[in-house]
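Last residue of the sequence shown? That's 706 in my numbering, and every number before it is there in order.
Some notes on the structure that comes next.
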Amino acid sequence: MSTRLHDSLIKLSEYNTRNINKRLKRRDDKISAQENVIKQQQADKDERDELIKAKDRQIQELKSTVEEVQEKLDCAIRSKINAQRIKSHYKRFHPLCDEDYIDSLEDKVAKLEIENKELHGRMTRFLEAEDIKTFQDRKFTDEVRHVYMSLLSMDAGIQNIEPIIRTILKKLAGVEVGRLPKYSTARMMFAEARCLSQIHLADVVSSADELWLSIKNTMSDRHIVNKCLNKRLDEIREQALKKVIPSWDDKTQEERDDLRSMWHHFCSMHYVVGLATAAEAGLKKFEKYTAVNTDNDQQGESGTHRLIRTTCKAFAHKACEKSGHPKDFDSFLSQEDPAKKNELTSFRGERFNILFKNGGTVYHHRYDLSGYLATWESPNRLLQAVQRDLSEPVYVAGCLALGVINKIVTAPLWRLIESKKSILDMSDHFHQLQINFNSWAKDPQSLMAGEPLFPTVQAKQDAVFKSLFHEQDEELRTLTCQALKYIMEEFMEVTDRMLKDYLPGGLFHQPSVKQREQMASCPTNNTGLERTFALLDRDVRVSPNATTLTREGKLMFKTNKTGNFLDTLSKEDKLKHFKDARNAASTDTKLHRQEVLVLREKRRQLLLDRVEKQTQKKAAKDATLRNLQDRVTLWQTPQDIEEELAKLRTKKKKIYALKDQLRFRRDVLHQHCEKTLFQFSRGEKPFGEEDLKADLLTLLQLN
């Protein structure tokens with residue numbers, strides 16, 4: 004026992020204050036050393052990450068350089084091959100056929116001289132003729148019809164075509180023209196132009212079997228209605244393939260699926276529209292968590308968007324005619340030293356990139372706008388709105404963020420989309436966007452520094468660019484960084500959603516050789532069709548009373564360039580096509596009138612059905628209300644509720660009675676309050692007795 008006590012005393016002596024302090028010191032030194040090692044390793048890791056990013060950018064630049072060099076090499080090889088062919092041709096034939104070649108040239112010159120004399124004679128007869136024959140065999144000549152169709156497709160007014168033709172021939176050629184079509188005949192030429200355009204289309208797609216086999220791609224904005232359209236198109240194509248492929252039944256299921264399959268692509272330009280929508284959502288979040296004195300409605304547009312819209316409405320070209328000052332602002336800018344140009348663009352007629360472009364332009368002109376507005380003692384309400392929003396740093400920072408995105412992301416992306424031939428060429432660039440958005444969402448400093456996103460496409464170094472990337476105000480730069488972070492988070496989401504098929508793991512990211520061949524003809528965007536719809540919208544505004552048949556004839560003749568097609572035809576084919584068009588025009592017009600009557604009758608029937616349905620619905624509702632009034636006694640106090648519920652034995656009857664009271668107050672008394680007080684469930688979970696009772700008591704208090 005004494006030995007154990009002695010050992011314990013010795014051990015206890017080792018734990019004196021001095022020894023403990025030494026141990027603590029050694030422990031702290033060890034911890035400090037480990038922390039230094041960790042910091043050094045973290046610094047090494049950050050350095051390696053930066054090195055990896057730099058290498059990735061270098062790899063992308065080298066890939067682009069290799070593509071450019073390869074393209075130049077291919078071009079040089081093709082040029083060399085063509086030169087060798089020409090050289091071999093001259094080596095083989097030139098020494099042997101000099102005399103034959105000279106004879107052929109002499110014959111050609113003789114023919115040209117004869118043709119020149121004929122043309123000279125025709126011109127002389129044309130100038131000497133008193134008038135031009137325009138009406139033969141009880142109809143207007145095909146040349147007159149061709150001229151009328153061309154002028155109608157150029158939006159010339161029907162009543163103005165005759166004086167236009169007479170004035171041109173009289174003033175320029177000194178020739179009088181005879182009889183010309185009047186209003187009713189000219190209107191019929193819309194239908195004839197439509198028939199000729201259909202003949203032109205039939206001639207182009209005469210190989211219908213090959214056409215059905217070659218259609219493998221569609222492109223849209225992937226609206227919800229496109230799912231039904233694509234499904235219907237697949238069904239039509241499958242039925243057509245069964246007819247155009249004789250051995251369809253003998254093919255295996257795999258071969259049928261390969262022939263039947265179609266690739267549904269997404270328009271790259273609509274991705275830019277999606278970025279604008281995402282930027283608006285990001286700006287709303289930025290203003291919500293950052294702004295102090297803002298009054299924008301989160302359900303409507305952001306304050307930044309309002310500033311851009313009102314500024315363009317007031318100072319851009321095509322500005323508001325009532326309250327805008329575009330000319331005065333231009334004069335104000337011209338007096339600056341040095342003189343400046345008004346860079347603002349109207350929102351009207353623009354769609355894809357206008358928000359980003361005008362955001363940077365508003366930031367570029369912010370001091371000019373403030374200076375101009377200061378010259379007005381009593382500005383109108385539009386100018387007051389611009390002046391008020393310009394004084395808010397959060398909105399100015401939002402404009403700066405949008406301008407930076409325009410110069411580094413959307414504008415280069417637009418030029419890249421238009422320069423590529425196939426949508427598959429954009430996959431790597433879309434992936435690069437995804438990587439950069441992810442990086443900028445954490446730290447947008449490289450974006451604000453103006454580092455190019457696509458090495459092959461450089462931003463335009465204009466005055467707006469200099470204003471955007473030479474901002475010295477640290478507070479404004481800090482706000483802009485915050486705005487960019489919110490916007491990049493939204494960009495990441497919209498990129499993953501819209502471009503999922505072109506990103507790693509997507510359907511079109513790494514297609515097979517066969518798939519690439521099938522998709523080679525698919526463009527990067529469908530802006531051509533957007534322009535066609537723009538022509539249609541313009542025609543609707545200019546000619547609101549025109550029929551569908553008229554619009555079809557005008558647009559098809561213009562967009563398909565049917566006039567050029569007619570010029571390439573022989574005289575016999577041209578006469579035949581014009582005759583077929585004249586015969587079909589009257590029939591098509593009658594059919595169109597019948598279709599209009601049928602559609603009108605269907606609309607009338609739909610209206611009657613809707614009225615009848617509403618009448619039946621109202622009658623059923625009235626019957627329900629009468630039934631409710633007959634069997635329900637209103638509970639007006641909490642005591643009434645307790646007494647009436649006490650009379651009911653089962654829980655089910657109590658719930659049913661409480662629901663009747665709520666319905667009575669909603670449908671009979673029309674008590675105005677929050678709609679949630681009349682609900683019987685939440686999240687597909689029905690309310691119990693206590694929940695319904697609490698809502699009824701709340702209604703009693705509000706009454």
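Backbone N, C-alpha and C define an ideal beta-carbon position, used for all residues, glycine too.
Practice task
Kindly indicate which residue of Lys344, Gln338, Gly306, Ser305 has the alpha-carbon position closest to the one of Phe318.
Solution key: One-based indexing of the sequence shown puts residue 318 at position 315. Here the closest residue by C-alpha is Lys344.
Exercise for the section: Taking His328 and Leu347 to be in contact with their CB atoms under 8 Å, please state how far apart those CB atoms are, rounded to whole angstroms. Expected result: Indexing the sequence shown from 1 puts residue 328 at position 325. Indexing the sequence shown from 1 puts residue 347 at position 344. Rounded, the Cβ-Cβ distance is 12 Å, inconsistent with contact.
Exercise for the section: Decide if Pro547 is buried, meaning its Cβ has at least 16 other Cβ atoms within 10 Å, or exposed. Expected result: To locate residue 547, count along the sequence shown from 1; it is residue 544. Label assigned to Pro547: exposed.
Problem - Cα-Cα separation, Leu99 to His123 - result: Position 96 of the sequence shown, counted from the first residue, corresponds to residue 99. Position 120 of the sequence shown, counted from the first residue, corresponds to residue 123. Low confidence applies to Leu99: its pLDDT is 49, below 50, so where it sits in the model is not reliable, and the reading given next is rough at best. If I take the Cα positions, the gap works out to 38 Å.
Practice task
Report the residue from Phe511, Val671, Arg613, Lys445 whose alpha carbon sits nearest the alpha carbon of Arg634.
Solution key: On the sequence shown, residue 634 is found 631 positions in, with the first residue counted as 1. Among Phe511, Val671, Arg613, Lys445, the Cα nearest to that of Arg634 belongs to Val671.
Problem - CA-to-CA distance, Cys198 to Ala588, given in whole angstroms - result: Within the sequence shown, residue 588 is the residue found at index 585, counting from 1. Within the sequence shown, residue 198 is the residue found at index 195, counting from 1. Answer to the nearest angstrom: the Cα atoms are 7 Å apart.
Exercise for the section: For the beta strand (DSSP E) holding Met265, just list the boundary residues, first then last. Expected result: Here the question's residue 265 lines up with position 262 in the sequence shown. Run containing Met265: none; DSSP gives neither H nor E here.
Problem - Bounding residues of the alpha helix (DSSP H) (the contiguous stretch that carries Asn220) - result: Looking up residue 220 in the sequence shown gives position 217. It is not in any alpha helix (DSSP H) - Asn220 instead sits in the beta strand (DSSP E) that spans 220-223.
Handout entry: Whole-Å CB distance - Phe193 paired with Leu552, under 8 Å assumed
Key = Here residue 193 corresponds to residue number 190 of the sequence shown, with the count starting at 1. Here residue 552 corresponds to residue number 549 of the sequence shown, with the count starting at 1. Confirmed, about 7 Å.
Exercise for the section: Check whether the Cβ atoms of Ile490 and Leu286 sit closer than 8 Å, and answer yes or no. Expected result: As a first step, residue 490 is located in the sequence shown; it is residue number 487 there, counting from the start. As a first step, residue 286 is located in the sequence shown; it is residue number 283 there, counting from the start. Yes, they are a contact pair.
Handout entry: C-alpha distance - Lys120 paired with Lys111, whole-angstrom precision
Key = Translated into positions along the sequence shown, residue 120 becomes position 117. Translated into positions along the sequence shown, residue 111 becomes position 108. Taking the straight line from one Cα to the other gives about 14 Å.
Handout entry: For Glu598, the first and last residue of its enclosing alpha helix (DSSP H)
Key = Here residue 598 is taken as the residue at index 595 of the sequence shown, counted from 1. Where Glu598 is concerned, the enclosing alpha helix (DSSP H) stretches over 574-634.
Practice task
Counting only the same chain and skipping the five closest in sequence on each side, list residues whose C-beta sits under 7 Å from that of Phe1.
Solution key: Missing from the structure shown is residue 1; the chain here goes from 4 to 706 and no further.
Handout entry: Endpoints, alpha helix (DSSP H) assigned at Ala322
Key = Translated into positions along the sequence shown, residue 322 becomes position 319. Careful: Ala322 lies outside any alpha helix (DSSP H) and carries neither H nor E.
Practice task
Look at Tyr366 and Val412 and say whether their C-beta atoms are less than 8 Å apart.
Solution key: Against the sequence shown, residue 366 aligns to sequence position 363. Against the sequence shown, residue 412 aligns to sequence position 409. Contact flag unset, no.
Problem - In chain order, each beta strand (DSSP E) run of at least 3 residues that lies wholly inside the segment 500-543 - result: none
Practice task
Measure the alpha-carbon distance for Lys445 versus Leu610 and round it to whole angstroms.
Solution key: Reading the sequence shown from its first residue, position 442 is the one you call residue 445. Reading the sequence shown from its first residue, position 607 is the one you call residue 610. Rounded to the nearest angstrom, the two C-alpha atoms are 56 Å apart.
Handout entry: Val467 to His432 span [Cα, whole Å]
Key = For this step, residue 467 is matched to residue 464 along the sequence shown. For this step, residue 432 is matched to residue 429 along the sequence shown. Computed Cα separation, rounded: 25 Å.
Handout entry: Lys710, enclosing alpha helix (DSSP H) - first and last residue
Key = This structure cannot speak to residue 710, because the chain is shown only from 4 to 706.
Problem - Buried versus exposed call for Ile171 [16 or more other C-beta atoms within 10 Å across all chains shown] - result: Along the sequence shown, one-based indexing puts residue 171 at 168. Ile171 should be labelled exposed.
Problem - Residue range of the unbroken alpha helix (DSSP H) whose run includes Phe433 - result: Against the sequence shown, residue 433 aligns to sequence position 430. First-last of the alpha helix (DSSP H) with Phe433: 430-445.
Exercise for the section: Could you check which residue in Asp643, Thr701, Glu687 has the C-alpha nearest to that of His675? Expected result: If you number the sequence shown from 1, residue 675 lands on position 672. His675 has its Cα closest to that of Thr701, out of Asp643, Thr701, Glu687.
Handout entry: Collapsed DSSP secondary structure at Glu646 in the structure displayed
Key = The count along the sequence shown starts at 1 and reaches residue 646 at position 643. Glu646 falls in the helix class under three-state DSSP.
Exercise for the section: Apply the 10 Å Cβ neighbour rule to Leu578 and answer buried if 16 or more other Cβ atoms are within range, or exposed otherwise. Expected result: Taking the first residue of the sequence shown as 1, we reach residue 578 at position 575. The residue in question, Leu578, is exposed, as its Cβ has fewer than 16 Cβ neighbours within 10 Å.
Exercise for the section: Spatial neighbours of Asp694 within its chain, please: CB distance less than 7 Å, with the 5 preceding and 5 following residues excluded, ordered by chain position. Expected result: Position 691 of the sequence shown, counted from the start, is the residue given in the question as residue 694. Cβ within range, chain order: n/a, list empty.
Handout entry: Cut-off 8 Å between Cβ atoms - residues of its own chain near Pro396, not counting five sequence neighbours on either side
Key = For the purposes of this step, residue 396 is taken as residue 393 along the sequence shown, with counting starting at 1. So the list reads Glu478, Leu479, Leu482, once near-sequence residues are dropped.
Practice task
Consult DSSP for Glu689 and reduce its assignment to one of helix, strand or coil.
Solution key: Counting from one through the sequence shown, the residue named residue 689 turns up at place 686. Position check: residue 689 holds Pro in this sequence, whereas Glu was assumed. Looking at Pro689 - three-state DSSP - the assignment turns out to be strand.
Practice task
Out of Phe457, Ile23, Gln45, point me to the one whose CA is closest to Asp59's CA.
Solution key: As a first step, residue 59 must be located in the sequence shown, where it is residue number 56. The candidate whose alpha carbon is nearest that of Asp59 is Phe457.
Practice task
Go to Val389, then tell me how far its alpha helix (DSSP H) extends in each direction, as first and last residue.
Solution key: Taking the first residue of the sequence shown as position 1, residue 389 is located at position 386. From DSSP, the alpha helix (DSSP H) with Val389 extends over 384-393.
Exercise for the section: Identify the continuous alpha helix (DSSP H) that holds Ala414 and give its terminal residues. Expected result: Here residue 414 corresponds to residue number 411 of the sequence shown, with the count starting at 1. Unbroken alpha helix (DSSP H) run through Ala414: 414-422.
Practice task
Report the residue from Arg30, Glu38, Ser470 whose alpha carbon sits nearest the alpha carbon of Val407.
Solution key: Within the sequence shown, the letter at position 404 stands for residue 407. Comparing Cα positions, the closest option is Ser470.
Handout entry: Residue of Arg666, Lys605, Lys593 minimising C-alpha distance to Leu631
Key = Stepping through the sequence shown from its first residue, residue 631 is reached at position 628. Selected option, being the one with the closest Cα: Arg666.
Practice task
Please work out which residues of its chain come closer than 7 Å, Cβ to Cβ, to Tyr151, disregarding the five sequence neighbours upstream and downstream, and give them in chain order.
Solution key: Stepping through the sequence shown from its first residue, residue 151 is reached at position 148. Within the same chain, Tyr151 has close Cβ partners Ile164, Pro184, Ala189, Met192.
Handout entry: Beta-carbon proximity list for Lys463, same chain, < 8 Å, skipping 5 on both sides
Key = Within the sequence shown, the letter at position 460 stands for residue 463. Contacts found: Lys410, Ala414.
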